[in-house]
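Asker: Below: one structure in structure tokens.
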Amino acid sequence: MFSVDNISQALQVLVVLLACVAFFARETDFKVITFRSLLAAATTLVVVVLGQTLIKRESQDRSGSTMDLAQVEFCMRLYSAIKSLSGTFDDMPGSAEVTGKFSEEADRIKEQARKAMSLAADKDSKSFMLCLKKAVLLGEVGGKGSVAEVKELVNRIKLAKVEKPELAILGSELIDKLYLKRSLNKSEVETYAQFVEGKVPAGWFRDVTRVELYRVAGMKAEADKALNRYNQAASSFVQKILLTFFTALVCGLVGLVVLIVQLFLIPRNISQGPALEEIKAPINYGFEKVFAVFVFWLALECMISPVIVNVARPLKGLGMNSNTIALITMVIYLMNNVPSLLLVWLLCLRGTGIKFVDAVKLKFKTPRRGWFGLVLAGVLTWCACLPLVLVGSALAKGYLNSNGSSNPILAVVMEAARNGDAFTSVLFVIALGVLPALCEETLFRGFLYTSLRTKLSAFLSMIISAAVFAGIHLDQGAFIQLFVLGFVFAFVFERTRSLIPSMVAHCMWNSGTFFVISSIFGS
């Protein structure tokens with residue numbers, strides 16, 4: 114009986130064989146037939162593999178659990194800050210009413226944390242660390258049935274599959290003693306403290322477990338010190354939230370001004386005559402070649418990705434630091450995406466005498482703008498994206514019941530944000546901001562959009578290129594947001610006749626996501 118994996122492997126072999134035949138074929142008619150057979154086989158492979166990937170991602174949404182856990186941590190930091198703040202009103206007139214409102218808000222946030230944790234547990238129920246975190250949360254917030262659920266989690270933690278079985282035993286014993294028996298010998302504290310500091314990721318869960326560890330052991334001085342650190346983290350968290358909100362608000366207002374100006378100043382036909390020649394592809398590549406670039410690229414990804422996964426899997430147990438993870442992320446990204454640009458040259462530009470940078474409109478100067486003007490246009494485009502993506506997110510949440518992005522890279526970013534330093538930030542800006550901006554803008558705007566403009570209107574070209582851009586990311590929860598970004602990037606590309614502004618905006622968007630996560634959840 115044929116499985117999807119067997120069909121995929123057979124298609125991969127067929128694609129490789131047809132690619133070899135097409136490469137060495139000399140007779141023109143035979144070469145065309147072989148090329149089209151290769152295109153059909155590659156298309157089938159892409160449909161089979163990507164369909165299987167979407168099904169697996171939906172049923173095993175590990176990155177989704179990471180974002181749910183981030184929401185738990187966000188809520189509990191906020192909960193801690195509100196509880197701490199409510200105590201400052203005790204000696205003021207009408208303090209009872211104020212304290213009551215604070216208490217109601219704290220309870221509401223606490224309930225949100227419980228719901229987010231339940232969602233995370235549903236997505237990755239066998240995770241050792243997730244079970245540990247859920248037990249800590251339930252032990253801290255209490256509630257109906259919490260004790261019974263913590264008992265069940267203790268057993269699941271003990272039986273969890275981890276690189277060292279003794280860690281599972283240590284974790285289950287820690288939860289049992291902190292939240293069930295409420296008793297711990299001082300002689301055991303050092304062992305459990307090493308476990309907490311070494312295995313529990315930096316953040317609310319580590320901080321609150323540290324406090325509980327010393328409190329249950331009866332070590333008052335250490336418990337007070339840990340509690341003070343916990344409260345300082347909550348206060349710092351609120352400050353970061355306010356700073357992030359204020360920055361986003363200012364940039365969003367600038368973006369609204371940019372949008373209003375564009376709505377009133379935009380001509381009905383953006384590019385015509387000589388201006389159209391500046392934006393469309395230098396030659397008509399034809400639908401077949403443009404389609405082949407994307408299909409062959411995706412087929413190559415389908416074949417490379419399992420190899421990368423098998424190589425990367427043993428590395429997970431080596432305890433790599435964030436800098437190494439950032440470098441590996443760069444290598445994987447380049448391996449997956451550089452072939453698409455090579456295919457553009459191989460299928461569409463080789464032998465034409467057209468330079469690659471000219472074909473994709475990579476210009477640092479245009480008749481109307483110098484390099485500074487192009488960079489500034491990119492910055493303003495990023496500002497304009499903020500309100501538009503916010504609206505897109507609201508629509509996706511309200512009408513499509515979207516739970517946000519399920520991109521696996523978010524889990525990597527979250528971990529790096531917790532444990533990285535300034536150099537880590539630089540590496541991740543390159544890995545997540547610079548490289549995607551260079552590769553994706555070149556492919557989707559510099560190649561695809563310019564190809565569409567040889568035959569279609571600007572608006573229709575923006576719609577199609579944005580849809581392809583969003584779809585290829587395979588991130589159902591963020592499709593609307595990615596579509597909005599793709600449309601805006603194509604728009605500024607059309608307006609400026611250069612790839613630089615969209616590259617700058619793309620880089621700032623991806624880097625901004627990292628910096629927001631890092632500033633809020635970073636150590």
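Going left to right, the sequence shown walks through residues 114 to 636 as the numbering used here numbers them.
Ideal Cβ positions, reconstructed from N, Cα and C, are used throughout, including at glycine.
1) What three-state label does DSSP hand I576 in the structure shown?
2) Just tell me which of E553, E325 and N344 has its CA closest to the CA of A336.
3) Report the residue from V162, R149 and Q125 whose alpha carbon sits nearest the alpha carbon of F400.
4) Give me the Cα-Cα distance between L548 and I522, rounded to the nearest whole angstrom.
5) Alpha carbon to alpha carbon, how far is V597 from T141? Give it in angstroms, no decimals.
6) Going by other Cβ atoms of all chains shown within 10 Å of its Cβ, with 16 needed for buried, is L287 buried or exposed?
7) Three or more C-beta pairs under 8 Å: does that hold for the stretch 556 to 565 against the stretch 535 to 543?
8) Whole angstroms is fine: what's the gap from A603's alpha carbon to L501's?
9) I need the straight-line Cα distance from V162 to V117, nearest angstrom please.
10) For the alpha helix (DSSP H) holding L456, just list the boundary residues, first then last.
11) Within 8 Å, do at least three Cβ pairs link the stretch 409 to 423 to the stretch 442 to 452?
12) Once you ignore the five residues that flank V134 on each side, which residues in its own chain have a CB closer than 7 Å to its CB?
13) Between V309 and R323, what straight-line distance do the alpha-carbon atoms span, to the nearest angstrom?
14) Considering Cα atoms alone, identify which of L573, E553 and Y305 is closest to I585.
15) Quick check: the stretch 560 to 573 against the stretch 484 to 491, are there 3 or more CB pairs under 8 Å?
16) Please say whether Y292 and A248 have beta carbons closer to each other than 9 Å?
17) In whole angstroms, what is the alpha-carbon distance linking L402 and F187?
18) Within 8 Å: the Cβ of A339 and any heavy atom of the ligand FMN?
19) My guess is that L272 and V263 are in contact by the Cβ rule of under 8 Å, so how many angstroms apart are they, rounded?
20) For a test of the three-state rule: what should DSSP assign to Y343, helix, strand or coil?
21) Within 10 angstroms of its Cβ, does S349 collect 16 or more other Cβ (buried), or is it exposed?
22) Hey, quick one: how far does the alpha helix (DSSP H) through K299 stretch, first residue to last?
Answerer: On the basis of the data shown:
1) In the structure shown, the three-state DSSP call for I576 is helix.
2) Checking every option, the nearest Cα to that of A336 belongs to E325.
3) For the set V162, R149 and Q125, the Cα lying nearest the Cα of F400 is the one of R149.
4) Rounded to whole angstroms, the separation of the alpha carbons of I522 and L548 is 14 Å.
5) When rounded, the distance between both Cα atoms is 43 Å.
6) L287 is buried by the Cβ-count criterion.
7) With the cut-off at 8 Å, the stretch 556 to 565 and the stretch 535 to 543 do not touch.
8) The C-alpha of A603 lies about 14 Å from the C-alpha of L501.
9) Answer to the nearest angstrom: the Cα atoms are 8 Å apart.
10) Its alpha helix (DSSP H) spans residues S435 to V457.
11) Result yes; three or more Cβ-Cβ pairs closer than 8 Å.
12) Cβ neighbours of V134 beyond the five flanking positions: T147.
13) Answer to the nearest angstrom: the Cα atoms are 7 Å apart.
14) Check the Cα spacing between I585 and each of L573, E553 and Y305: the tightest is with E553.
15) Verdict: no, contact absent.
16) When the beta-carbon positions are compared, A248 and Y292 come within less than 9 Å of each other.
17) In the sequence on display, residue 402 carries Lys and not Leu. When rounded, the distance between both Cα atoms is 48 Å.
18) You won't find the ligand FMN in this model; it holds no ligand whatsoever.
19) In fact, because the Cβ distance is near 15 Å, the residues do not count as touching under 8 Å.
20) Helix.
21) S349 should be labelled exposed.
22) From DSSP, the alpha helix (DSSP H) with K299 extends over K299 to K312.
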